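Here my numbering runs 4 ahead of the position in the sequence shown, where the first position is 1.
We treat Cβ as the ideally placed atom computed from N, Cα and C, and that holds for glycine.
This structure is a prediction, so every number in the text was calculated from the model and none was measured.
One structure below.
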Amino acid sequence: TSYLGIYKMASGISRDFIKPFTSESDVMTWLEKVTLVARLQKVSDLAMFIPLYLEGDALALYMELSDGEKASADKIKEKLQIAFGDGPFVAYNKLLNMKWVEEPVDVFANELKRLARLA
């Protein structure tokens, strides 16, 4: 798969589906969403697809990866999670301080599960 082929496919995907990741949002949720959209669009090489939606610090981090790391979607995801995700201590602290503030129960439960996985 070539970058040109991936770029052409990505250009047909609305930015409403995948907002560029700039390190300001939740990296885990963003990675899940970009993986889902790639699967639904039948993108065969996620490692070539992810960088098209990185900006700012996240793109800078990607540019510093070795060629071997850039070729692996798992390595790209791992590096983004390490750099921009909540570590176990931060996740545990957030988990301890979680309070339900009348958002939908499913949303609250999903956030609890996400933090528990990280902690």
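If contacts are defined as beta-carbon pairs under 8 Å, then residue i and residue j qualify, I think. What distance do you get, rounded to the angstrom?
i: L84; j: A62; result: 6 Å
i: S29; j: G60; result: Actually they are not in contact, since the Cβ atoms of S29 and G60 sit about 11 Å apart, beyond 8 Å.
Within the continuous alpha helix (DSSP H) that includes residue i, where are the two ends?
i: L99; result: P92 to L100
i: T39; result: V31 to L44
i: D78; result: A77 to F88
Suppose the cutoff is 8 Å on Cβ atoms and the five residues either side in sequence are ignored; what does the same chain contact list for residue i look like?
i: E115; result: M102
i: K74; result: A51, P55, Y66 and I80
Can you check whether the CB of residue j is closer than 8 Å to the CB of residue i?
i: A120; j: L100; result: no
i: I80; j: A51; result: yes
i: I22; j: V47; result: no
i: M32; j: G91; result: no
i: W104; j: F93; result: no
i: L69; j: A95; result: no
Here's a check: name, in chain order, each residue in its chain whose Cβ is nearer than 6 Å to the Cβ of residue i, leaving out the five neighbours to either side.
i: E106; result: none
i: L24; result: At residue 24 the sequence reads Pro, which differs from the Leu that was named. The residues are Y57 and E59.
What residues are listed by DSSP as bridge partners for residue i?
i: L58; result: F25
In its own chain, which residues sit with a C-beta less than 7 Å from the C-beta of residue i, not counting the 5 before and 5 after it?
i: S76; result: A51
i: R118; result: M32
i: L35; result: K81 and L84
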